[in-house]
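The listed protein sequences correspond, in order, to chains A and B. The numbers in numbering that gives the first Met the number 0 rise by one with no breaks, and the one at position 292 of the first sequence is 291. The numbers in numbering that gives the first Met the number 0 rise by one with no breaks, and the one at position 136 of the second sequence is 135. Where is the CB? At the ideal position from N, CA and C, for every residue including glycine. These figures come from a predicted structure and were not determined experimentally.
Protein chains: 2
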Amino acid sequence: MSELLSKKEKLKEILKKLHAGENVEELKKKAKELLASISPMEIPLIEQELMQEGIDVEEIARMCDLHVELFREAVARKAEAAPEGHPLHTLYKENEEITKDAEKLALYAKAMDKEENMERIKELAKELRKIGFTHYDREETLIFPYLERRGITAVPSTLWRKHDEIRIKLRQLLQFIEKGLKERAKEKAMEVASLLIDMVFRENNILYPTLRALLTEGEWVAIKQQEGEFGFYKVKPKEWKSNAKPVHPYEIYAEITQEQLQQLPEEIKMIMKETKPDRKKIEREGDIKLDVGYLLPQEINEIFRNIPFGITFIDSDDRVRFFSGHRIFRRTASVVGRPVQLCHPPKSVHIVEKILKAFKEGSRDKADFWIKMGDRFVYILYIPIRDKNGNYMGTLEIEQDITELKKLEGEKRILDWK
Amino acid sequence: MSELLSKKEKLKEILKKLHAGENVEELKKKAKELLASISPMEIPLIEQELMQEGIDVEEIARMCDLHVELFREAVARKAEAAPEGHPLHTLYKENEEITKDAEKLALYAKAMDKEENMERIKELAKELRKIGFTHYDREETLIFPYLERRGITAVPSTLWRKHDEIRIKLRQLLQFIEKGLKERAKEKAMEVASLLIDMVFRENNILYPTLRALLTEGEWVAIKQQEGEFGFYKVKPKEWKSNAKPVHPYEIYAEITQEQLQQLPEEIKMIMKETKPDRKKIEREGDIKLDVGYLLPQEINEIFRNIPFGITFIDSDDRVRFFSGHRIFRRTASVVGRPVQLCHPPKSVHIVEKILKAFKEGSRDKADFWIKMGDRFVYILYIPIRDKNGNYMGTLEIEQDITELKKLEGEKRILDWK
């Protein structure tokens, strides 16, 4: 405790100088030794001390940014495990932002007797929820498969479970604030702040070093290509170029080398003996390669046959080429090859022609209709099928009985399934 | 008119004897000559005469069945152009039933001052509407393509237009009855009866002889295989067996021979000079043959990419094999090959396992969920994909934004398109 106190005194000194406008670079040099001895985990404690001494919360909160500026050097040592723009660098950078905001959250929570801090917590909690669908989601969806493929499944699964805990508690926090439950909100905010910082530590010390030891450049290239889908938490990654060919998880059949094993964090080394890499070959004999993934012709046929709506495709020559699915309007094999103009009652053919013309010109992207058939409500949708360059390849008709869909109310989530 | 009167007298005689219970076979023998000289078109006129003489309408209506019994021999001469169970035989047989009911309709309409006849017309009109989606629909969908392929498109198109007229007028008739518009209902009923009989004549004298002259046994086999999809008007066709391989319209590249040309009705012969057979080859290089029709791999890819919902397929080993479409939940290529159990938040994995188990055992055929995402209403459906023998091949997830679908009201039909 005396050590903490002396650290606090020194930190207080530095913070005051920063606040007075002293040059950050100068200060960093002076404080180098001190900074090396302080772990980010101690910061909340020191802050609490400062607060108890009557320093204004807002003052301290504003200093949070300066903390990070001060600690950047220490944190950067980790981020610089990879060049700027590299997905690993971005992950570390986001964790800096997360740490900063988690600290702010704790600070506001501690000073919740001030009315305005409730509003601040609310805004911040909304911000923090974005971590769930950027940083965490990216790890869960994009990065974990590379570890799973190497047999490391327990660590991703534990992290995911803990991510979800944070997601839930942030939601609860917002609910407590909404209901004006001040004490419970305070408690929850403190809990979330602590879980967030705990997660930063787990990731920085276990997950990221593991990724660094195992993932090849090509794998990072694939991650880089896809990470934009999810977005980032308060970070805008720079470009990062590599000549390596992107490698997806299902393309890996790698052994973990002795050298890699040595570089792994102790926690991972321990479990590596029990892991079994996933060597399943994904592409099969006869597989058709699609944009994302593979299907056998028989799978394609049965997917189309089992889907709960009818689909019919006419090609760019206006010929019916294919139909399948659960149909509402009867259709028989005799229609294959038939010009679509001959498939409609003569009086509506001119509309069919107009729709096709609009699709071919690119002036329309759908034509939809809805009709009642007895007690059923039927939705009929025509969409042009275009290739990635926008070239017209044909038109798809989808017919769907939406009677039951229209009646759905409320929610039924996966955990409600019986 | 005097000839008609004398026919009427003779017919009246026969009908009275029939009504008195005389043997049908005996009567038929006696009336053979008379029957040969009466065309079904004359029957309504004769009936009208009988009515004017005060014979009860119900009496005459009940005799309608006997008419057909009497005229069967004459009509059978046409039906027997093909063996029982043959699709052509069935078409002729349905036209007998249609004639009978059209006559009844005219009879009831003529005697509409009797209150109960309004109800009878209503019931009969409802029955007659079935012609539209059995007999006519079968011709339009299943049979016309065989003529179109040979370049005969004008005749099918004219017939279809006239079928649609009948469909519309039958709907109008029912609306007039619903609204109690007696005079207009009467007029419409007479009109419909006359159009129905007119259509029987066109079909029996032009369409069917043309089919008989042109279609090969294999084509009839294909029609026979599919005709059950549509059903029949008051006829239950027997089995008809043939060893010929079914031939679909898109498999025909036939020339019309001189011999066939000779057999065609005059109306068709006249237009044959201007027709050009449709020789488009339907199966292309690289086509994948599906249950009904063909698609190129690129078409399959683009269809999946353009559909307005997200789909994801996991195979029978629970591996994600493919996803596409307009997604609501983000998914990246990293998921391909990933065991589905690892794709879900750990806390809901046990439900995923339960759903898959139920699908594999065959105890469930869907699992659906619906959630709100901001102002969007999202429907998530899991269905097992099974082959035709019921073997589990995998599970398909469909995610659909149904916000707009839920708001649809009323109808928007193809003719409303702008």
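Residues that A:D366 bridges to, as DSSP identifies them: Against the first sequence, residue 366 of chain A aligns to sequence position 367. Checking the sequence shown, residue 366 of chain A turns out to be Ala, not Asp. A:Y381.
From A:A357, A:I384 and A:F231, residue whose alpha carbon lies closest to that of A:R137: Taking the first sequence and counting its residues from 1, one reaches residue 137 of chain A at position 138. Relative to A:R137, the option among A:A357, A:I384 and A:F231 whose CA is nearest is A:F231.
The segment 150-184 of chain A: positions lying closer than 7 Å to chain B by Cβ: T152, S156, W159, R160 and D163
Within-8 Å CB hit, A:P344 to chain B: Here residue 344 of chain A refers to the residue found at position 345 of the first sequence. The Cβ of A:P344 sits closer than 8 Å to at least one Cβ of chain B.
Buried versus exposed, by CB contacts within 10 Å (16 or more), B:S323: As a working note, residue 323 of chain B is residue 324 in the second sequence. That one is buried.
Check whether B:D400 and B:I382 have beta carbons under 8 Å apart: In the second sequence, the residue the question calls residue 400 of chain B occupies position 401. In the second sequence, the residue the question calls residue 382 of chain B occupies position 383. Against a cut-off of 8 Å, the Cβ pair of B:I382 and B:D400 comes out as no contact.
CB contact below 8 Å: A:N22 versus chain B: Indexing the first sequence from 1 puts residue 22 of chain A at position 23. It does not; no Cβ of chain B falls within 8 Å.
Chain A within 8 Å of B:E392, Cβ atoms only: Start at 1 with the first residue of the second sequence, and residue 392 of chain B comes out as number 393. Correcting the residue type first, residue 392 of chain B is Met in the shown sequence and not Glu. Closer than 8 Å to some Cβ of chain A, the Cβ of B:M392 qualifies, so yes.
Selection of the segment 121-132 of chain A by Cβ proximity to chain B, strictly under 7 Å: none
Span separating the alpha-carbon of A:E52 from that of A:Y107: Walking along the first sequence from the start, residue 52 of chain A turns up at place 53. Walking along the first sequence from the start, residue 107 of chain A turns up at place 108. Going by the C-alpha atoms only, they are around 16 Å apart.
Neighbouring residues, chain C, relative to A:Q225 (Cβ below 7 Å): Annotation note: the requested chain C is absent from the structure, which comprises protein chains A and B.
Nearest candidate by alpha-carbon position, reference A:N388, set B:Q297, B:A332 and B:T215: Mapped onto the first sequence, residue 388 of chain A falls at position 389. Out of B:Q297, B:A332 and B:T215, B:Q297 has the C-alpha closest to the C-alpha of A:N388.
Own chain, CB closer than 7 Å to B:N94, minus 5 neighbours either side, in chain order: Within the second sequence, numbered from 1, the residue matching residue 94 of chain B stands at position 95. If we look at B:N94 and ignore the five residues flanking it on each side, its Cβ neighbours are V199, E202 and N203.
Close-in-space but distant-in-sequence residues of the same chain around B:H85 (CB under 6 Å, 5 per side omitted): Position 86 of the second sequence, counting from 1, holds the residue named residue 85 of chain B. The beta carbon of B:H85 is closer than 6 Å to those of W239 in its chain, skipping five residues each way along the sequence.
Identified DSSP bridge partners for A:P338: Numbered from its first residue, the first sequence carries residue 338 of chain A at position 339. According to DSSP, residue pairing for A:P338 in a beta bridge involves A:R318.
Residues sharing a beta bridge with B:S193, DSSP: The residue you call residue 193 of chain B lines up with position 194 of the second sequence. The partner list for B:S193 (beta bridge, DSSP) is empty, contrary to what the question assumes.
First and last residue of the uninterrupted beta strand (DSSP E) at B:E396: As a first step, residue 396 of chain B is located in the second sequence; it is residue number 397 there, counting from the start. Per DSSP, B:E396 belongs to the beta strand (DSSP E) from Y391 to D400.
Whole-number beta carbon distance between B:I165 and B:M426, since they are thought to touch under 8 Å: With chain B running from 0 to 417 in the structure shown, residue 426 of chain B is simply not present.
Proximity below 8 Å, CB of B:L210 to CB of A:P307: As a first step, residue 210 of chain B is located in the second sequence; it is residue number 211 there, counting from the start. As a first step, residue 307 of chain A is located in the first sequence; it is residue number 308 there, counting from the start. It is not a contact, given that the beta carbons lie outside the stated cut-off.
Spatial neighbours of A:P208 in its chain, beta-carbon cut-off 6 Å, leaving aside the 5 residues before and after: The residue given as residue 208 of chain A occupies position 209 in the first sequence. Hits under 6 Å: P264.
Interface partners of A:G336 on chain B, CB under 7 Å: Reading the first sequence from its first residue, position 337 is the one you call residue 336 of chain A. Going along chain B in sequence order, the residues near A:G336 (Cβ under 7 Å) are P248, Y249, K279 and I281.
Beta-carbon proximity check, A:Q257 vs B:S333, cutoff 8 Å: Stepping through the first sequence from its first residue, residue 257 of chain A is reached at position 258. Stepping through the second sequence from its first residue, residue 333 of chain B is reached at position 334. Taking 8 Å as the Cβ cut-off, A:Q257 and B:S333 do not qualify as a contacting pair.
Exposure of B:D290, with buried meaning 16 or more beta-carbon neighbours within 10 Å: Reading the second sequence from its first residue, position 291 is the one you call residue 290 of chain B. Exposed, since its Cβ has fewer than 16 Cβ neighbours within 10 Å.
Backbone CA spacing between B:R375 and B:Y249 [nearest angstrom]: As a working note, residue 375 of chain B is residue 376 in the second sequence. As a working note, residue 249 of chain B is residue 250 in the second sequence. Each residue's alpha carbon lies about 44 Å from the other.
Partners in chain B for A:D100, counting only beta-carbon separations shorter than 7 Å: Walking along the first sequence from the start, residue 100 of chain A turns up at place 101. Near A:D100 there are no residues of chain B at all, since even the closest Cβ is about 23 Å away, more than 7 Å.
Any C-beta of chain B under 8 Å from that of A:R318: Taking the first sequence and counting its residues from 1, the one referred to as residue 318 of chain A is at position 319. Yes - at least one Cβ of chain B is within 8 Å of the one on A:R318.
Length at least 4, wholly inside the segment 251-311 of chain B: the alpha helix (DSSP H) runs in chain order: If one requires a minimum length of 4 residues, the alpha helix (DSSP H) runs lying completely within the segment 251-311 of chain B are 257-262, 265-271 and 296-305, in chain order.
Min CB distance A:I196 to chain B below 8 Å: Mapped onto the first sequence, residue 196 of chain A falls at position 197. Answer no: the Cβ-Cβ gap between A:I196 and chain B never drops below 8 Å.
CB contact flag (B:G217, B:A192, <8 Å): Position 218 of the second sequence, counted from the first residue, corresponds to residue 217 of chain B. Position 193 of the second sequence, counted from the first residue, corresponds to residue 192 of chain B. No.
Same chain, Cβ closer than 6 Å to A:K148, five either side skipped, listed in chain order: By one-based count along the first sequence, residue 148 of chain A stands at place 149. According to the sequence shown, residue 148 of chain A is Arg rather than Lys. Excluding sequence neighbours, A:R148 sits near P248, I251 and D277.
Spatial neighbours of B:A221 in its chain, beta-carbon cut-off 8 Å, leaving aside the 5 residues before and after: By 1-based counting over the second sequence, the position of residue 221 of chain B is 222. Cβ neighbours of B:A221 beyond the five flanking positions: P245, V246 and H247.
Segment contact flag, the segment 100-114 of chain A with the segment 181-195 of chain A, C-beta cutoff 8 Å, min 3 pairs: yes
B:A422 versus B:R385 - alpha carbon distance: Residue numbering for chain B in the displayed model covers 0 to 417; residue 422 of chain B lies beyond these limits and cannot be assessed.
Residues that DSSP places opposite B:G324 in a beta bridge: The sequence position of residue 324 of chain B within the second sequence is 325, counting from 1. B:G309, per the DSSP bridge assignment.
Contacts of A:I386 in chain B (Cβ-Cβ under 8 Å): Against the first sequence, residue 386 of chain A aligns to sequence position 387. Just to set this straight, residue 386 of chain A is Asp in the shown sequence, not Ile. In chain order: Q297 and E301.
8 Å Cβ shell around A:I299 - same chain, five flanking residues per side excluded: On the first sequence, position 300 is the one that residue 299 of chain A refers to. So the list reads I287, once near-sequence residues are dropped.
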